[in-house]
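**Student:** Just so you know, we're using this note's numbering here: the sequence shown kicks off at 7 and counts up by one. Cβ coordinates follow ideal geometry from the N, Cα and C atoms, glycine included. Quick one: structure below, then a few questions.
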Amino acid sequence: MQSKSQRFSDVVFTRVQQIAQSQQQGGENDRRARKYKSLCKRSGGVLRNSGLMQYLAFLKARGQRPSEYHHQILYLHLQDEIRVLGMIGGNVDLFDYSRQTGLPVYMRLTREVLLLLQWHKRLADTLIQGDASEGEDEP
Numbered sequence: 007m008q009s010k011s012q013r014f015s016d017v018v019f020t021r022v023q024q025i026a027q028s029q030q031q032g033g034e035n036d037r038r039a040r041k042y043k044s045l046c047k048r049s050g051g052v053l054r055n056s057g058l059m060q061y062l063a064f065l066k067a068r069g070q071r072p073s074e075y076h077h078q079i080l081y082l083h084l085q086d087e088i089r090v091l092g093m094i095g096g097n098v099d100l101f102d103y104s105r106q107t108g109l110p111v112y113m114r115l116t117r118e119v120l121l122l123l124q125w126h127k128r129l130a131d132t133l134i135q136g137d138a139s140e141g142e143d144e145p
């Protein structure tokens, strides 16, 4: 039987590993992976300061910009992870669910997303090479 931390790390690992593997292709994938890593590193603090609804709205809004697609990727990863862990149903949008749910479920969801973001930060830092600022001077 796996602990909660082990389940969360397993769920996050596959998604971060996909980003790290796409980084090996270079070009835009490399830049996107480095930006994803940077976003993962600061996301826990943003969530703690702004709250779950504001954080999810931020990811969705910024993710609509082509240059900020890594926000959309992280949002989709979190949504898929919450689904895999059985916290929301298959076709339910994470933002809509958190907006419509009651306070106890909302608080639990906030804690679970924070735990997922901790694993995103750890694994992105380990698996993804470089930082977002590296290679920005290149044409």
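1) Excluding five sequence neighbours on each side, which residues of the same chain lie with their C-beta closer than 8 Å to the C-beta of Thr-107?
2) Pick from Ser-73, Leu-122, Leu-109, Ala-67: whose alpha carbon is nearest that of Gln-85?
3) For a test of the three-state rule: what should DSSP assign to Met-113, helix, strand or coil?
4) Report yes if the C-beta distance between Leu-62 and Leu-100 is below 8 Å; otherwise report no.
5) Below 8 Å, can you find three or more Cβ-Cβ pairs linking the stretch 26-36 to the stretch 45-56?
6) So, for Ile-88: in the same chain, excluding its five sequence neighbours on each side, which residues have a beta-carbon less than 8 Å away from its beta-carbon?
7) Looking at the secondary structure, which residues open and close the alpha helix (DSSP H) in which Ser-11 lies?
8) Do you know how far the Cα of Tyr-81 is from the Cα of Leu-58?
9) Evaluate Lys-41 with the Cβ neighbour count: other Cβ atoms within 10 Å of its Cβ, from every protein chain shown; 16 or more gives buried, anything less gives exposed.
10) Can you tell me which of Val-98, Asp-131, Gly-92 puts its alpha carbon nearest to the alpha carbon of Val-17?
11) By Cβ distance below 6 Å, which residues in the same chain neighbour His-76 in space, the five residues on each side in sequence not counted?
12) Please classify Val-90: does DSSP put it in a helix, a strand, or coil?
**Tutor:** Let me spell this out:
1) Correct list, in chain order: Leu-115.
2) Put simply, of Ser-73, Leu-122, Leu-109, Ala-67 the residue whose alpha carbon is nearest the alpha carbon of Gln-85 is Leu-122.
3) If DSSP states are grouped into helix, strand and coil, Met-113 belongs with the helices.
4) For the 8 Å CB-CB criterion, Leu-62 and Leu-100 form a contact.
5) Proximity of the stretch 26-36 to the stretch 45-56 falls short of the contact definition, fewer than three beta-carbon pairs being nearer than 8 Å.
6) For Ile-88, where only same-chain residues beyond five positions count, the Cβ hits under 8 Å are Ile-94, Leu-100, Leu-115, Glu-118, Val-119, Leu-122.
7) Run containing Ser-11: 10-29, per the alpha helix (DSSP H) assignment.
8) Between Leu-58 and Tyr-81, the C-alpha separation is close to 12 Å.
9) Under a 10 Å Cβ-count criterion, Lys-41 is classified as buried, with 16 or more other Cβ atoms of the shown protein chains found around its own Cβ.
10) Here the closest residue by C-alpha is Gly-92.
11) Hits under 6 Å: Arg-38, Lys-41, Tyr-42, Leu-45.
12) In the structure shown, Val-90 sits in a helix (DSSP, three-state: H, G or I).
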